[in-house]
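Student:
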Amino acid sequence: KNEVEQSPQNLTAQEGEFITINCSYSVGISALHWLQQHPGGGIVSLFMLSSGKKKHGRLIATINIQEKHSSLHITASHPRDSAVYICAVVKNTDKLIFGTGTRLQVFP
Amino acid sequence: EADIYQTPRYLVIGTGKKITLECSQTMGHDKMYWYQQDPGMELHLIHYSYGVNSTEKGDLSSESTVSRIRTEHFPLTLESARPSHTSQYLCASSEFNSLENTFGSGTRLTVV
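Those protein sequences? They're chains U and V, same order as listed. For the record, in the first sequence the residue sitting at position 22 is 22 according to our numbering, with numbers rising by one throughout. In our numbering, each residue's number is its place in the second sequence (first place is 1) plus 108.
1. According to DSSP, simplified to helix, strand and coil, what is Ser-157 of chain V?
2. Going along chain V in order, which residues have a C-beta closer than 9 Å to the C-beta of Lys-95 of chain U?
3. Between the Cα of Ala-88 of chain U and those of U:Phe-107, U:Ile-74, U:Lys-68, U:Ala-76, spot the shortest distance and give me the residue it belongs to.
4. What does the Cβ neighbour count give for Met-149 of chain V, buried or exposed, with the cut at 16 atoms within 10 Å?
5. Which residues bound the beta strand (DSSP E) around Gly-101 of chain U?
6. Looking at the structure shown, is Ser-70 of chain U part of a helix, part of a strand, or coil, going by DSSP?
7. Return the chain-ordered list of same chain residues with a C-beta closer than 6 Å to the C-beta of Ser-26 of chain U, the five sequence neighbours on each side being excluded.
8. If we define contact as Cβ-Cβ less than 8 Å, is Phe-211 of chain V a contact residue for chain U?
9. Just to confirm my understanding: we take Arg-178 of chain V, look at its own chain, exclude 5 residues before and 5 after, and list those with CB closer than 8 Å. What are they?
10. For Ile-86 of chain U, which of U:Glu-17, U:Glu-15, U:His-38 has the nearest alpha-carbon?
11. Buried or exposed: Ser-70 of chain U, going by 16 or more other Cβ atoms within 10 Å of its Cβ?
12. Would you report the Cα separation of Phe-82 of chain V and Ser-82 of chain U, rounded to the nearest angstrom?
13. Could you have a look at His-193 of chain V and say whether DSSP puts it in helix, strand or coil?
14. Please check the pair Leu-153 of chain V and Ser-172 of chain V, which I expect to be a contact at CB under 8 Å, by giving their CB distance rounded to whole angstroms.
15. Alpha carbon to alpha carbon, how far is His-78 of chain U from Leu-59 of chain U?
16. In angstroms, rounded to a whole number, what distance separates the CA positions of Leu-96 of chain U and Ser-202 of chain V?
17. Report the option in U:Leu-35, U:Gly-101, U:Glu-17 whose CA atom is closest to the CA atom of Ser-7 of chain U.
18. Comparing C-alpha positions only, which one of V:Arg-190, V:Tyr-141, V:Arg-176, V:Ser-162 sits nearest to Leu-168 of chain V?
19. For a contact defined as C-beta to C-beta under 9 Å, what are the partners of Gly-214 of chain V on chain U?
20. Could you tell me the alpha carbon to alpha carbon distance between Tyr-197 of chain V and Gln-105 of chain U, rounded to whole angstroms?
21. Do you know how far the Cα of Tyr-156 of chain V is from the Cα of Ser-132 of chain V?
22. I want to verify the contact list: residues of chain V whose CB lies under 7 Å from the CB of Phe-98 of chain U, in sequence order.
23. Give, in chain order, every residue of the segment 189–200 of chain V whose Cβ lies closer than 9 Å to some Cβ of chain U.
Written out as structure tokens, the structure reads:
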């Protein structure tokens, strides 16, 4: 069993829909990252969280340390949001453990 | 604008060839990492470095080697490429006391 689990694995949406991607982890962590990977492969860091909630534009990330769960929300989704979204946790060392990602496709 | 650069972006090479994947960062970060990502799979750490002349193997065993002669440069070498090395290789860096990583665009390697 992976230490970091994401759901769903694949997600399709119509433009404008509200999207939620979930991440659960089973280890003690010092922080959690949400990353975006476009088809070319490059990764962009969206958020780093250790508690609470962060917002950047149409993206919102939340984390519940007690429940070992984080969510990434996209409001008013757009086709350019289509990408793979990856949850990664920082264990008690500084190394990242990654989920397998959620492939999002947003159609016009 | 990327402050961490990986070259080449794509590489198709024959079995048995020696290859070096380049990774450079302009941020003065002490810590650098190499991750491997097989198609449809999660990223796994294969090498990391905490500074010049420091290199360690990561969680996933890899036949590749790395070097850190300069702070900004962290190349990965495969002495004899095999089809099993076909994968995406991602480089990342972070400041010494930071948990935030900056990622490169990756090198997609295909060994035929």
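We treat Cβ as the ideally placed atom computed from N, Cα and C, and that holds for glycine.
Tutor: To lay it out plainly:
1. Looking up residue 157 of chain V in the second sequence gives position 49. Strand at Ser-157 of chain V.
2. Counting from one through the first sequence, the residue named residue 95 of chain U turns up at place 95. Per Cβ cutoff of 9 Å: Tyr-141, Leu-153, Tyr-156, Gly-166, Asp-167.
3. To locate residue 88 of chain U, count along the first sequence from 1; it is residue 88. Considering only alpha carbons, the answer is U:Lys-68.
4. Counting from 1 along the second sequence, the entry for residue 149 of chain V is found at position 41. Exposed is the call here.
5. Taking the first sequence and counting its residues from 1, one reaches residue 101 of chain U at position 101. Looking at the DSSP string, Gly-101 of chain U is not in any beta strand (DSSP E), and its letter there is neither H nor E.
6. Residue numbering aside, residue 70 of chain U sits at position 70 when the first sequence is read from its first letter. Three-state result, Ser-70 of chain U: strand.
7. The sequence position of residue 26 of chain U within the first sequence is 26, counting from 1. For Ser-26 of chain U, where only same-chain residues beyond five positions count, the Cβ hits under 6 Å are Glu-3.
8. The residue labelled residue 211 of chain V in the question sits at position 103 within the second sequence. So yes, Phe-211 of chain V belongs to the interface.
9. For the purposes of this step, residue 178 of chain V is taken as residue 70 along the second sequence, with counting starting at 1. Around Arg-178 of chain V: Val-160.
10. For the purposes of this step, residue 86 of chain U is taken as the residue at position 86 of the first sequence. Closest option to Ile-86 of chain U, Cα to Cα, is U:His-38.
11. Sequence index remark: in the first sequence, residue 70 of chain U carries index 70 (1-based). Looking at its Cβ environment, which holds 16 or more other Cβ atoms inside 10 Å, Ser-70 of chain U is buried.
12. Absent from the structure is residue 82 of chain V, since the part of chain V shown begins at 109 and ends at 220.
13. Taking the first residue of the second sequence as position 1, residue 193 of chain V is located at position 85. DSSP places His-193 of chain V in helix when its eight states are reduced to three.
14. Taking the first residue of the second sequence as 1, we reach residue 153 of chain V at position 45. Taking the first residue of the second sequence as 1, we reach residue 172 of chain V at position 64. That belief does not hold up - the Cβ atoms of Leu-153 of chain V and Ser-172 of chain V are roughly 12 Å apart, past 8 Å.
15. Within the first sequence, residue 78 of chain U is the residue found at index 78, counting from 1. Within the first sequence, residue 59 of chain U is the residue found at index 59, counting from 1. Taking the straight line from one Cα to the other gives about 12 Å.
16. Locating residue 96 of chain U in the first sequence gives position 96, counting from the first residue. Locating residue 202 of chain V in the second sequence gives position 94, counting from the first residue. Roughly 12 Å separates the two Cα atoms.
17. In the first sequence, the residue the question calls residue 7 of chain U occupies position 7. Nearest option by C-alpha distance: U:Gly-101.
18. Counting from one through the second sequence, the residue named residue 168 of chain V turns up at place 60. Ranking the options by Cα distance to Leu-168 of chain V, first place goes to V:Tyr-141.
19. As a working note, residue 214 of chain V is residue 106 in the second sequence. Per Cβ cutoff of 9 Å: Gln-37, Gly-40, Gly-41, Gly-42, Ile-43.
20. In the second sequence, counting from the first residue as 1, residue 197 of chain V sits at position 89. In the first sequence, counting from the first residue as 1, residue 105 of chain U sits at position 105. So the alpha carbons of these two residues sit roughly 24 Å apart.
21. In the second sequence, residue 132 of chain V corresponds to position 24, counting from 1. In the second sequence, residue 156 of chain V corresponds to position 48, counting from 1. Answer to the nearest angstrom: the Cα atoms are 14 Å apart.
22. Here residue 98 of chain U refers to the residue found at position 98 when the first sequence is read from its first residue. Correct list: Glu-150, Leu-151.
23. Gln-196, Leu-198, Ala-200
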